[in-house]
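Reviewing the structure listed below.
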Amino acid sequence: MAERMVPSPRYERLKQLLIEAEDRAHEVRQAYQRASSAMRSGQVWTGPTATTWTNELEERRRSLGRLAQRVVDAVEEELRRSPPLVTETEADAMRREMAGRM
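Under the numbering used here, the first residue of the sequence shown is numbered 1051, with each subsequent residue one higher.
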């Protein structure tokens, strides 16, 4: 008789992780937006040094956004490779493995 299939604990954890990663990625993309907008307004600080600083700030914001998206992409890829259902034995082994990591 075939073993009963149950939801994969790993798959479920990856779904939760994806939600968290997407939330953090959104926060990262917005992190310097306010400061960057204020600097670009010309009402906070002006001149060549201000322009250089603002350009660096914006580049860091873009770079952090790209890195955050790479995390989201990696979690999505892992989720695609993970079956949503596994046997009870496999689910038990996954739960033990996940508990051992905490």
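We put the CB at the ideal spot given by N, CA and C, even for glycine.
Problem - Glu-1077 versus Ala-1071: straight-line alpha-carbon distance, rounded - result: Going by the C-alpha atoms only, they are around 10 Å apart.
Practice task
Would you give the residue range spanned by the beta strand (DSSP E) that Met-1148 belongs to?
Solution key: Note, Met-1148: premise wrong, no beta strand (DSSP E); alpha helix (DSSP H) at 1138-1151.
Practice task
Return the CA-CA distance between Ala-1143 and Ala-1124, expressed in angstroms with no decimal places.
Solution key: Roughly 23 Å separates the two Cα atoms.
Practice task
Inspect the beta-carbon positions of Ser-1058 and Pro-1133 and report whether they are closer than 8 Å.
Solution key: In contact: Ser-1058 and Pro-1133 (Cβ atoms closer than 8 Å).
Practice task
Give the DSSP bridge partners of Leu-1135, in chain order.
Solution key: Leu-1135 pairs with Pro-1057.
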